[in-house]
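Q: Numbering-wise (this note's numbering), the sequence shown opens with residue 3 and increments by one.
Glycine included, every Cβ here is placed at the ideal spot set by N, Cα and C.
These numbers come from a predicted model, not from an experiment.
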Amino acid sequence: MYCFQNKVALRAVVGLFVCLSSEAKSQATDSVRVLRQVLVRGIGESRFAVGSTTCQLDSLIVSRLSGSSLGELLMRQSTLYMRQYGAGMLASISMRGTGPSQTALFWNGINLNLPTLGQIDYSTVPIFAGNNIIIQPGSQSALYGSDAIGGTVHITQQLGLKQGRQVSLQQEIGSFSRYFTHLQATASHSTWQAQANFYQLYHQNDFPFRNIAKAGAPIERQQNAATHYWGVMPQCYWQPDNKRQFSLKAWYHHHWRQVQPTMAAQEVRDQQQDENFRLVADYEQLSGRKGILRLKSAWVFDEIVFNASRSTMKRYLGQMRHQWDWSPNFTTEIGSQLQHAAAKVNAYGKEVHEQRADWFALARFCAKQSWLFSATIRQTIVPGFSAPVAPALGIQWQDCLGEKHSLTWKVQISKGYRVPTLNDRFWQPGGKPNLRPEHSYNAETTFTWKGNAKLSSLQGTITLFRLWVRDWILWLPQGSFWSPENARQVRVTGAEAHVSYQRFITKGFWRAEAHYAFNQSLNLYPLSSNDRSAGKQLPYTPLHRAFAAACVFWRQWLVQMDVNYTGLRYPTADNETWLEPFTITNLLISKDWQLKRWRLQALFRLNNLFNTSYQNFQLRAMPGRHFQASIMVQTNFNNW
Numbered sequence: 003m004y005c006f007q008n009k010v011a012l013r014a015v016v017g018l019f020v021c022l023s024s025e026a027k028s029q030a031t032d033s034v035r036v037l038r039q040v041l042v043r044g045i046g047e048s049r050f051a052v053g054s055t056t057c058q059l060d061s062l063i064v065s066r067l068s069g070s071s072l073g074e075l076l077m078r079q080s081t082l083y084m085r086q087y088g089a090g091m092l093a094s095i096s097m098r099g100t101g102p103s104q105t106a107l108f109w110n111g112i113n114l115n116l117p118t119l120g121q122i123d124y125s126t127v128p129i130f131a132g133n134n135i136i137i138q139p140g141s142q143s144a145l146y147g148s149d150a151i152g153g154t155v156h157i158t159q160q161l162g163l164k165q166g167r168q169v170s171l172q173q174e175i176g177s178f179s180r181y182f183t184h185l186q187a188t189a190s191h192s193t194w195q196a197q198a199n200f201y202q203l204y205h206q207n208d209f210p211f212r213n214i215a216k217a218g219a220p221i222e223r224q225q226n227a228a229t230h231y232w233g234v235m236p237q238c239y240w241q242p243d244n245k246r247q248f249s250l251k252a253w254y255h256h257h258w259r260q261v262q263p264t265m266a267a268q269e270v271r272d273q274q275q276d277e278n279f280r281l282v283a284d285y286e287q288l289s290g291r292k293g294i295l296r297l298k299s300a301w302v303f304d305e306i307v308f309n310a311s312r313s314t315m316k317r318y319l320g321q322m323r324h325q326w327d328w329s330p331n332f333t334t335e336i337g338s339q340l341q342h343a344a345a346k347v348n349a350y351g352k353e354v355h356e357q358r359a360d361w362f363a364l365a366r367f368c369a370k371q372s373w374l375f376s377a378t379i380r381q382t383i384v385p386g387f388s389a390p391v392a393p394a395l396g397i398q399w400q401d402c403l404g405e406k407h408s409l410t411w412k413v414q415i416s417k418g419y420r421v422p423t424l425n426d427r428f429w430q431p432g433g434k435p436n437l438r439p440e441h442s443y444n445a446e447t448t449f450t451w452k453g454n455a456k457l458s459s460l461q462g463t464i465t466l467f468r469l470w471v472r473d474w475i476l477w478l479p480q481g482s483f484w485s486p487e488n489a490r491q492v493r494v495t496g497a498e499a500h501v502s503y504q505r506f507i508t509k510g511f512w513r514a515e516a517h518y519a520f521n522q523s524l525n526l527y528p529l530s531s532n533d534r535s536a537g538k539q540l541p542y543t544p545l546h547r548a549f550a551a552a553c554v555f556w557r558q559w560l561v562q563m564d565v566n567y568t569g570l571r572y573p574t575a576d577n578e579t580w581l582e583p584f585t586i587t588n589l590l591i592s593k594d595w596q597l598k599r600w601r602l603q604a605l606f607r608l609n610n611l612f613n614t615s616y617q618n619f620q621l622r623a624m625p626g627r628h629f630q631a632s633i634m635v636q637t638n639f640n641n642w
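#1: Enumerate in chain order the residues of its own chain whose CB-to-CB distance from Y527 is below 6 angstroms, with the five nearest sequence positions on each side excluded.
#2: Given a threshold of 16 other Cβ atoms within 10 Å of its Cβ, counted over all protein chains shown, does T585 qualify as buried or as exposed?
#3: Using only the alpha-carbon positions, how far apart do K27 and T193 sit?
#4: Does the stretch 77–88 come into contact with the stretch 164–184, if we say contact requires no fewer than three beta-carbon pairs (one atom in each stretch) closer than 8 angstroms?
#5: Identify every residue that forms a DSSP beta bridge with W600.
#6: Suppose the cutoff is 6 angstroms on Cβ atoms and the five residues either side in sequence are ignored; what does the same chain contact list for S283 look like?
#7: So which of E446, Y146 and L340 has the shortest CA-CA distance to L364?
#8: Taking contact to mean at least 3 C-beta pairs separated by less than 8 angstroms, is the stretch 403–421 in contact with the stretch 132–146?
#9: Check whether the stretch 403–410 and the stretch 361–380 touch, using three or more Cβ-Cβ pairs below 8 angstroms as the test.
#10: Starting from the Cα of F332, find the closest Cα among L203, F555, R366 and G233 and give me that residue.
#11: What does DSSP give as the partner residues of N525 in its beta bridges?
#12: Report yes if the CB atom of L550 is closer than 7 angstroms to the CB atom of V565, and no otherwise.
#13: So, at 7 angstroms on beta carbons, what are the nonlocal neighbours of W470 in its own chain, with the 5 sequence-adjacent residues on each side left out?
#14: Checking 7 angstroms against the spacing of the C-beta atoms, do A497 and F483 come in under that value?
#15: Taking Q247 as the reference, which of E286, L570, T105 and W429 has the closest Cα?
#16: What's the C-alpha gap between N638 and A310?
#17: When the Cα atoms are used, what is the spatial distance from L590 to W451?
#18: Would you give the residue range spanned by the beta strand (DSSP E) that Q268 belongs to?
#19: Within a Cβ cutoff of 6 angstroms, which residues of the same chain sit near D32, ignoring the five residues on either side of it in sequence?
#20: How would you call A266, buried or exposed, if buried means at least 16 neighbouring beta carbons within 10 angstroms?
#21: Examine the Cβ distances between the stretch 151–162 and the stretch 97–116 and report whether three or more of them are shorter than 8 angstroms.
#22: Counting only the same chain and skipping the five closest in sequence on each side, list residues whose C-beta sits under 6 angstroms from that of N609.
#23: Opposite R468 in the DSSP bridges: which residues?
#24: Take V52 and list the residues in its own chain whose beta-carbon comes closer than 8 angstroms to its own, dropping the five residues that flank it on each side.
#25: Am I right that Q262 and N226 are in contact with their C-beta atoms under 8 angstroms? What's the rounded C-beta distance?
#26: Using the rule of at least 16 other Cβ atoms within 10 Å of the residue's Cβ for burial, across every protein chain shown, is H355 buried or exposed?
#27: Going by the beta-carbon positions, is the gap between Q636 and S61 smaller than 7 angstroms?
#28: Taking G73 as the reference, give the member of A575, I151, S329 and M91 with the closest Cα.
#29: Pick helix, strand or coil for D426, following the three-state DSSP scheme.
#30: Would a C-beta distance cut-off of 7 angstroms place R98 and G152 closer than the cut-off?
#31: Where does M693 sit, in a helix, a strand or coil, going by DSSP?
#32: Would Y518 and A489 be called neighbours here (beta carbons separated by less than 7 angstroms)?
#33: Return the CA-CA distance between E515 and Q539, expressed in angstroms with no decimal places.
#34: What's the C-alpha gap between I383 and D473?
#35: By Cβ distance below 8 angstroms, which residues in the same chain neighbour A131 in space, the five residues on each side in sequence not counted?
#36: Quick check: the Cα distance between V554 and E277, rounded to an integer number of angstroms?
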């Protein structure tokens with residue numbers, strides 16, 4: 003069945019490229035054409051997030067980790083913590099000391115968090131789901147709505163501006179029977195661009211590990227941890243003139259895996275299958291001389307089959323927003339969003355429907371070139387709930403200290419919220435339709451210093467923040483079943499520090515960077531008379547996370563070494579047991595060649611260089627030293 007599906011998908015992608023190539027060839031002429039300017043931009047809302055920090059992952063490194071999942075990338079290239087239930091298994095995020103359902107993942111502006119679970123498995127998201135990955139820590143509910151108490155992660159897709167036709171093929175092999183394939187076809191003309199991607203991964207994942215759950219801690223092979231996924235991602239842009247642009251993006255992903263058991267339960271044979279289809283259409287039009295109208299519609303289908311239990315979710319979304327640039331220093335934007343969700347889950351007893359409506363207003367003002375201000379507000383309307391209004395205020399001051407130095411100070415205060423999930427409300431037994439939404443208050447300040455010389459640059463940033471979360475929803479035992487309660491009151495105190503240095507050399511550059519995150523996430527009050535969690539760190543929330551990397555790019559060679567440190571974690575709320583800290587070191591080496599119309603890239607990655615034995619989640623084995631090697635071939639058909 004898998005082989006048949008893969009062949010059909012591969013033929014579909016190749017067929018699409020042939021059609022695109024034929025169309026481009028029929029429209030080509032001997033004269034030189036200039037591609038019209040395309041409205042390519044990052045996250046439109048981020049310009050109104052004055053006072054907050056934003057981190058964009060280095061595309062040079064991200065492109066060379068394309069065979070990995072988003073969870074692996076964030077764990078390796080940031081100070082975010084991923085709660086991994088084993089290698090290639092469920093990966094949920096912890097941003098600024100919050101839980102997985104309090105961070106929203108957006109793909110081209112669509113929140114991918116499941117309405118049933120309130121979160122998404124980051125191991126099911128390939129890196130090349132987009133070519134631009136941005137992290138926005140801190141409460142962002144005023145910009146993005148529910149689920150953004152801890153922050154947001156954004157994946158966007160943008161096609162390049164090069165005119166012509168290209169095909170690239172990447173083949174990767176790795177330890178423990180790992181095989182990854184990625185085929186990409188791109189075509190463009192003066193008014194349109196199109197791209198199609200096909201990808202597939204098979205990983206037996208039978209790595210050796212020391213089983214500390216058995217007497218004598220014998221070396222065993224991991225069982226029941228294989229994973230296989232494949233998918234297709236077509237997208238197209240059409241720009242009939244300089245005032246209008248239409249884009250259509252689709253993504254089908256099929257993911258099957260065995261669920262890795264704990265060290266003490268190696269005979270368990272659970273399986274899970276995920277199927278996802280996402281379709282997003284965007285339209286942008288210049289409105290007069292000062293305005294931009296943006297329309298978005300989307301359809302999202304998610305299905306999870308765990309053993310024989312099936313859950314399906316469908317969402318329909320429509321969004322309209324209008325931006326006015328009243329002057330070079332003053333911009334406003336208003337908009338609204340409607341969403342309908344339908345879920346079929348056996349535990350609900352019936353199909354459940356939910357409607358949500360959002361309205362929002364954003365403003366940004368620059369004063370005297372050194373001061374920047376923003377004010378945003380959002381209100382979500384959900385039948386049966388009184389979701390709080392989410393406002394945010396931001397200030398930024400920047401001054402040049404001479405010609406080569408600059409200093410920036412930012413501050414932001416905001417309010418966030420999270421609407422209870424469908425599971426929280428409708429799961430039987432235990433669900434409670436009258437749960438209150440979680441709400442939070444966030445305050446942060448950031449100082450950044452930048453220094454530039456002729457061939458080098460140095461930057462240092464430190465952020466201090468405090469976050470209070472009220473009515474945190476927690477599932478607690480109620481006799482013979484569990485039930486959600488607005489139980490926790492949490493306070494997060496934290497700091498983030500970043501420093502980076504880059505120097506240009508002949509035909510290349512070298513760079514060194516270090517990042518550190520401190521997140522003290524405390525439950526303030528006991529949950530019951532005999533509860534011992536008050537004043538204790540939340541489970542699986544490390545107090546310390548650090549990441550450092552050094553890379554050299556010279557004559558198309560790239561060598562990078564990164565080191566990741568994860569501090570002590572507590573599996574239980576009373577903090578009476580813990581998992582030891584661990585440090586993982588990784589090495590990456592790649593080389594590019596340009597041979598006329600052909601481009602070749604060879605890559606070798608050595609992960610867990612020092613063969614560290616560690617547990618990310620209690621009694622879930624993780625692999626020791628292992629490798630991945632790949633080769634990518636790309637050709638341009640313009641002159642063929």
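A: Walking through what the data contain:
#1: Q491 and A536
#2: exposed
#3: Because K27 carries a pLDDT of 37, less than 50, the predicted location of this residue cannot be relied on, and the following value inherits that uncertainty. Approximately 14 angstroms, taken between the alpha carbons.
#4: no
#5: L597 and T637
#6: What sits at residue 283 in the sequence shown is Ala, not Ser. The beta carbon of A283 sits closer than 6 angstroms to those of L250 and S299, all from its chain and outside the five residues before and after it, given in chain order.
#7: Y146
#8: yes
#9: no
#10: R366
#11: Beta-bridge pairing links N525 to V492.
#12: In the sequence on display, residue 550 carries Ala and not Leu. In this structure, V565 lies closer than 7 angstroms to A550 by Cβ.
#13: S442, Y443 and R493
#14: no
#15: Residue E286 is the option with its Cα nearest to Q247.
#16: 47 angstroms
#17: 30 angstroms
#18: That residue, Q268, is in no beta strand (DSSP E); it is neither H nor E in DSSP.
#19: With a pLDDT of 35 at D32, under the threshold of 50, the modelled position of this residue cannot be trusted, and the question is left open.
#20: exposed
#21: yes
#22: Apart from the 5 residues on each side of it in sequence, N609 sits with its Cβ closer than 6 angstroms to the Cβ of N588 and H628 in its chain, given in chain order.
#23: Bridge partners of R468 according to DSSP: A445 and T495.
#24: R366, L374, F375, S376, G396, I397, Q398, K412 and Q414
#25: 7 angstroms
#26: exposed
#27: no
#28: M91
#29: helix
#30: Closer than 7 angstroms, so yes.
#31: In this structure the chain extends from 3 to 642, so residue 693 is not present and cannot be described.
#32: no
#33: Take the alpha-carbon of E515 and the one of Q539: they are about 29 angstroms apart.
#34: 19 angstroms
#35: L72, W109, I157, Q159, M235 and W253
#36: 40 angstroms
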